[in-house]
Every structure is written in structure tokens, then in C-alpha cells.
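Enquirer:
Protein chains in written order, with the working numbering: chain V, 1 to 252; chain W, 253 to 520.
Okay, structure coming up:
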């Protein structure tokens, strides 16, 4: 009868060469180690790419914001709104672009309405407000922007544009505050940024704060940028991109 | 007394074994590479933040110059109600630098703030103009101080300069302009153009014509690097002053006068 001890010795005797070979086999070690390190390496690479895209978005957003502010500054938005209201129909933001008249444009159907009407600019409708026109301008000016699927998502824009009739000590119906820094992005009760631009009229002083929420696809990168969702499980971190400008309207 | 064991007597074979042993090499190599990769990432972030700050300061200088150039008259505290207070424009400059941290007080000539701002109005070649600081008549002759190419009867100079928040007034130095009178003679003042030499422009360029003026704005922003990784190594500090200049010509008037009293007659 074979004792249990003998059985174990035999089993070890059979397995030893196999174990020894497996222990000595080192050809896959580098691959295994690399596989262990790959997640960390991939995180770094994706993070760098993500930040590069964020910088691109920041530049595009700055461009869109300054162009959109310019359309209030030159009075193009005000003139188109007034014309649309008196005609009760669509009015091109750009003079002489008759293709736009009668077309309807919203943020959602901006790309398609332009395609069907051959409208070079975009239309301002009698139902539009200065704020909706401003939102369309922000989308319109971004070269790769537009509707869903584009690089910059129109729905991620928010803005607080305030206009004043004159400088602090001057006489007008709506003088600017002595300290212009009181203007900031307005937030609703849920803490979400609101879009805000009342009728600019023949604005003299324009104070604009424009925000764009860039969503990072790499986790936690937004913590470097004071992102609001840093460390919240299940939420993308974001970079709150901001554009600030104070300009004086051209005489119009 | 203990016996002295020669160094490496026991450890030599173990040492050789360790040296020959290549297990874990990839992990060790990765561990050596990771700090470099992370440093690159931090460096990239640091450079991006700095570039963005520089971009904002440039934009602030240009927008501030644009605002000054849009005014018909300005004042520094005292002036008629029609004139624009420079303090309002300086508070606008603070808005333009947002969301970067700026001082809570608006820069004035008597405080020290971040940013510090220097604004000047420089007149060129109007032989008959009389402002608060310049009195030019047909009899004014000779080059102005610091200029090598001044022409008789050709009056020019700094009408006013406001250096606020602790800024150094630099318009009145050759760093901002030299040799800015060219091509004119006493009998043909309208043929003049000025050549502006500035560290921020580079080569001298014809910049303005006789009878006009320019607004010079410089914004000095003390930037604090939020990551402080490479900046302290290369600069010895995590702070650097970003100084950007902008020049505009006035939009509504030949030159923007600085009013000195509540009377509109002081706006000259």
C-alpha cells in the first residue's frame, strides 16, 4: 500500500520537470509586464491627445465668441432683428443675401436650412430673440461646428452678454456700472449656466462672457482645469472654457 | 575583535546573479520612463497655461487700446460728464483678463495692482495744435529730446500718459519711439510720416502720417504658474511678468484729449 506521503512525492516527481520548465520559461515575461503597464501608458497618451483637442476647442471657441460679439458691435444683429420683426419673415444677417429671406433657422436645423435655401449667411426670424441669434452666431462661426456630431457641440455653449447705453458717469437710460466686473455668467437654481442677452438696442458698451464646456473623454483630466465634475463617479470631467470681452459698439 | 571580511567576499556571487538576472527588466524600464512621461505631460500643461495667459494679456492690451481709441475725450477722475473715465476702461481691462486672477481694486496712479497698465497718447506732426501738455506753433523748431531726426516746425510728443497700478511710464522713452519723423521738410509738413521703433514691433516701420496720433497701451500682468514644475527650474520662480503692447489710431478724433477739469474747455 502506498502511503499518502509517497503519493505526494511521486506527484511532485512527475510535475517537477514541468514546473521547472514553466518557471524557467521567460520568453513571455516582457509581454506580460508590458500588458500590466499598458493601461497606465494608454492613460497618459489619451490624456495628452485629449488636452490637445481641448486646446483646439479653446481656440475655436475664442474665434467664434469674438466673431459673434462683433455682430452685435456692428449692429448687424439689431438691424436684422428689427427687419425680421417688421417683415414678419426671415431676414439675412448679412445685407444683400436675399436667399436667406423667408428661411427658418434654429440651432438644431441650422445646417439643413442653409443647404435647402442656398443661404450664405443665416436667417434671423421674427420669432428670434437677440439671445437665440447670438447662439446661432456662436455655432455658425465655428468652422467645424454645426449640429450634433461636429467637433464643438452647440449645446455646450452658454453666454451672458450685457449691453449698456453709455459709460458710468454719462447720461443715458442704461449707464454701465462703475465696476464692469459685476458681469459674470448667470446660473440657474440647478447651478447650470444660463444663456442671457437682452435686446441690445443701439448698444454702446458690450460686456460679454461666453463659456464652452469641453467634455474630456479621459477620466480625471478635468481636475487640472477646475472642472465642475472632478471626482464625481460616472461623470465626464469637463474644462470650463471662457471668453471675456468688453467692447464699444460702432456707431450705427 | 571581529574579523574583517573583505568587501564583496560574500556578496560577489549574489551581485553577479542580480546583474545577469533580466527578470522584471521591462517593469524597471517602465518605472524609469514614467517620471519622464509624466514630466512631459506636466510640462505640456504648464506651457499651455502660460500660452493661454499670454494670449489673454495680448487680447486685453488690444481691447483696451481699442476702447481708448473709440473715445472722443477721456478723463482721469475729473472731467465733464461727456468724457469717459479711464477708471471704467481699466476695470474693463480686468474683465478682459478674467478668469485669470487679478487684483480686486481697479488700478490707479497711486496703487499697485496686477495687472499694471500704461496708456499714452502720442501726437505726430501737427504744427498748430495746442493741447494741455503740448504747445505747438509754427515757430517750434528742432528735434524733440531723444530723437535724431526731428524737423523744424514739426511738433510732436506725448500728449498724456497714464501709468497705473505701479506700471512704469514707457512711452516717453526711446524704447517706444525713436526717429519718428521722416520724409518731411519745413515747407512740406504733410509729406511726413513717423517711424516707430519699438521692442514689441521689431524693425522700424512707417506707422502714421502727419497730423495724426496713436494710442499706446501696455499691459503688464504678473503670471503665476499654477503647476510650478518647470517654471521654477528654468526661471528660478513660478512667476513671470507677461508684458504686451498694442497701438491703435483714434477712431473718432485726430487725437484723444485728456480732460483735466469739469469744464469741457479743459479737454484739449
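Note that the Cβ used here is the ideal one computed from N, Cα and C, for glycine as well.
(1) At a Cβ cut of 8 Å, what residues of the stretch 239–250 of chain V count as close to chain W, listed as they run along the chain?
(2) Using a Cβ-Cβ cutoff of less than 7 Å, which residues in the same chain neighbour residue 484 (chain W) once the five nearest sequence positions on both sides are dropped?
(3) Looking at C-beta atoms only, is the number of pairs between the stretch 29–44 of chain V and the stretch 190–210 of chain V that lie closer than 8 Å three or more?
(4) Cβ closer than 8 Å: which chain W residues qualify as neighbours of residue 176 (chain V)?
(5) Leaving aside the five residues before and after residue 368 (chain W) along the sequence, list all residues of the same chain whose C-beta is less than 6 Å from its C-beta, in chain order.
(6) Classify residue 528 (chain W): buried if its beta carbon has 16 or more other beta carbons within 10 angstroms, exposed otherwise.
(7) Would residue 6 (chain V) be called buried (16 or more neighbouring beta carbons within 10 Å of its own) or exposed?
(8) With DSSP as the reference, label residue 111 (chain V) as helix, strand or coil.
(9) In terms of residue numbering, what span does the alpha helix (DSSP H) encompassing residue 30 (chain V) cover?
(10) Is there a Cβ of chain V sitting closer than 8 Å to that of residue 501 (chain W), yes or no?
(11) For residue 246 (chain V) versus residue 505 (chain W), is the C-beta distance shorter than 8 Å?
(12) Does the beta carbon of residue 317 (chain W) come closer than 8 Å to any beta carbon on chain V?
(13) Looking only at C-alpha atoms, which of V:231, V:237, V:151, V:198 sits nearest to residue 215 (chain V)?
(14) Sorted by chain position, which residues of the same chain lie with C-beta nearer than 8 Å to residue 301 (chain W)'s C-beta, five sequence neighbours on each side aside?
(15) Residues of the stretch 42–60 of chain V in Cβ contact with chain W at a cutoff of 8 Å, in chain order, please.
(16) Which term fits residue 250 (chain V), buried or exposed, when burial requires 16 or more other beta carbons within 10 angstroms of its beta carbon?
(17) Count the other CB atoms within 10 Å of the CB of residue 151 (chain V); is the residue buried (16 or more) or exposed (fewer)?
(18) Can you pull out the residues from the stretch 204–217 of chain V whose beta carbon lies closer than 7 Å to at least one beta carbon of chain W?
(19) What is the DSSP secondary structure of residue 470 (chain W), reduced to helix, strand or coil?
(20) Leaving out five residues before and five after residue 391 (chain W) in sequence, what residues of the same chain have Cβ atoms less than 6 Å from its Cβ?
(21) With DSSP run on the structure shown, which of helix, strand or coil describes residue 250 (chain V)?
(22) Work out the CA separation of residue 277 (chain W) and residue 62 (chain V) for me, nearest whole Å.
(23) Using a Cβ-Cβ cut-off of 8 Å, state whether residue 30 (chain V) counts as contacting chain W.
(24) Going residue by residue through the stretch 326–383 of chain W, where are the continuous alpha helix (DSSP H) segments of at least 4 residues, counting only ones entirely within it?
(25) Would you grab the beta carbon distance between residue 343 (chain W) and residue 137 (chain V) for me? Rounded to a whole angstrom, and I think it's under 8 Å.
(26) Is the separation between the beta-carbon of residue 493 (chain W) and that of residue 512 (chain W) shorter than 8 Å?
(27) Taking 8 Å as the cut-off, decide whether the C-beta atoms of residue 29 (chain V) and residue 243 (chain V) are in contact.
(28) Taking the alpha carbon of residue 309 (chain W) as the reference point, which residue from W:503, W:498, W:332, W:510 has its own alpha carbon closest?
(29) Considering only the alpha carbon of each residue, which of V:234, V:233, V:223 lies closest to residue 51 (chain V)?
(30) Does any residue of chain V have a CB that is nearer than 8 Å to the CB of residue 510 (chain W)?
(31) Three-state secondary structure (DSSP) at residue 518 (chain W)?
(32) Per DSSP, which residues does residue 465 (chain W) bridge with? Please list them.
(33) How would you call residue 220 (chain V), buried or exposed, if buried means at least 16 neighbouring beta carbons within 10 angstroms?
(34) From the DSSP output, in three-state form, read off residue 179 (chain V) for me.
(35) Using a Cβ-Cβ distance under 8 Å, would residue 287 (chain W) count as near chain V?
(36) Using a Cβ-Cβ cutoff of less than 6 Å, which residues in the same chain neighbour residue 355 (chain W) once the five nearest sequence positions on both sides are dropped?
Expert: Put simply:
(1) 242, 244, 245, 246, 247, 248
(2) For the purposes of this step, residue 484 (chain W) is taken as residue 232 along the second chain, with counting starting at 1. Only 490 meet the Cβ criterion.
(3) no
(4) Numbered from its first residue, the first chain carries residue 176 (chain V) at position 176. Within chain W, the residues near residue 176 (chain V) are 340.
(5) Position 116 of the second chain, counted from the first residue, corresponds to residue 368 (chain W). Here the set comprises 417, 418, 419, 472.
(6) The structure shown does not extend to residue 528 (chain W), since chain W is modelled only from 253 through 520, so no value can be given for it.
(7) Within the first chain, the letter at position 6 stands for residue 6 (chain V). Exposed, since its Cβ has fewer than 16 Cβ neighbours within 10 Å.
(8) By one-based count along the first chain, residue 111 (chain V) stands at place 111. For residue 111 (chain V), the predicted structure reports a pLDDT of 42, less than 50, and the residue's modelled location is therefore unreliable. A value from the coordinates is still provided. Correct three-state label for residue 111 (chain V): helix.
(9) On the first chain, residue 30 (chain V) is found 30 positions in, with the first residue counted as 1. Run containing residue 30 (chain V): 29–73, per the alpha helix (DSSP H) assignment.
(10) For this step, residue 501 (chain W) is matched to residue 249 along the second chain. False, the Cβ-Cβ gap to chain V never drops below 8 Å.
(11) Indexing the first chain from 1 puts residue 246 (chain V) at position 246. Indexing the second chain from 1 puts residue 505 (chain W) at position 253. No, Cβ-Cβ distance for residue 246 (chain V) and residue 505 (chain W) is not below 8 Å.
(12) Taking the second chain and counting its residues from 1, one reaches residue 317 (chain W) at position 65. So no, residue 317 (chain W) is outside the interface.
(13) The count along the first chain starts at 1 and reaches residue 215 (chain V) at position 215. Cα-wise, what sits closest to residue 215 (chain V) is V:237.
(14) As a working note, residue 301 (chain W) is residue 49 in the second chain. So the qualifying residues of the chain are 477, 478, 479.
(15) 44, 47, 48, 51, 55, 58
(16) Start at 1 with the first residue of the first chain, and residue 250 (chain V) comes out as number 250. Exposed, because fewer than 16 other Cβ atoms sit within 10 Å of the Cβ of residue 250 (chain V).
(17) Against the first chain, residue 151 (chain V) aligns to sequence position 151. It counts as exposed.
(18) 207
(19) On the second chain, residue 470 (chain W) is found 218 positions in, with the first residue counted as 1. It is a strand residue.
(20) Along the second chain, one-based indexing puts residue 391 (chain W) at 139. Any reading at residue 391 (chain W) is ruled out, since the residue's pLDDT is 46, under 50, leaving its predicted position unreliable.
(21) For this step, residue 250 (chain V) is matched to residue 250 along the first chain. Correct three-state label for residue 250 (chain V): coil.
(22) Mapped onto the first chain, residue 62 (chain V) falls at position 62. Mapped onto the second chain, residue 277 (chain W) falls at position 25. Distance between the alpha carbons of residue 62 (chain V) and residue 277 (chain W) is about 47 Å.
(23) In the first chain, counting from the first residue as 1, residue 30 (chain V) sits at position 30. Yes - at least one Cβ of chain W is within 8 Å of the one on residue 30 (chain V).
(24) 338–349
(25) Residue mapping note: residue 343 (chain W) aligns to position 91 of the second chain, counting from 1. Residue mapping note: residue 137 (chain V) aligns to position 137 of the first chain, counting from 1. That pair is no contact at about 26 Å.
(26) Locating residue 493 (chain W) in the second chain gives position 241, counting from the first residue. Locating residue 512 (chain W) in the second chain gives position 260, counting from the first residue. No, the Cβ-Cβ distance between residue 493 (chain W) and residue 512 (chain W) is not below 8 Å.
(27) Along the first chain, read from residue 1 onward, the residue named residue 29 (chain V) stands at position 29. Along the first chain, read from residue 1 onward, the residue named residue 243 (chain V) stands at position 243. No, the Cβ-Cβ distance between residue 29 (chain V) and residue 243 (chain V) is not below 8 Å.
(28) In the second chain, residue 309 (chain W) corresponds to position 57, counting from 1. With distances taken between Cα atoms, residue 309 (chain W) lies closest to W:498.
(29) Stepping through the first chain from its first residue, residue 51 (chain V) is reached at position 51. The option with the nearest alpha carbon to residue 51 (chain V) is V:223.
(30) Locating residue 510 (chain W) in the second chain gives position 258, where the first residue counts as 1. False, the Cβ-Cβ gap to chain V never drops below 8 Å.
(31) Numbered from 1 along the second chain, position 266 holds the residue referred to as residue 518 (chain W). Three-state result, residue 518 (chain W): helix.
(32) If you number the second chain from 1, residue 465 (chain W) lands on position 213. Answer is W:375.
(33) Against the first chain, residue 220 (chain V) aligns to sequence position 220. Result: exposed.
(34) Within the first chain, residue 179 (chain V) is the residue found at index 179, counting from 1. In this structure, residue 179 (chain V) counts as coil in the three-state DSSP scheme.
(35) Sequence index remark: in the second chain, residue 287 (chain W) carries index 35 (1-based). No - not a single Cβ of chain V is within 8 Å of the one on residue 287 (chain W).
(36) Locating residue 355 (chain W) in the second chain gives position 103, where the first residue counts as 1. Closer than 6 Å at Cβ, skipping near neighbours: 365, 366.
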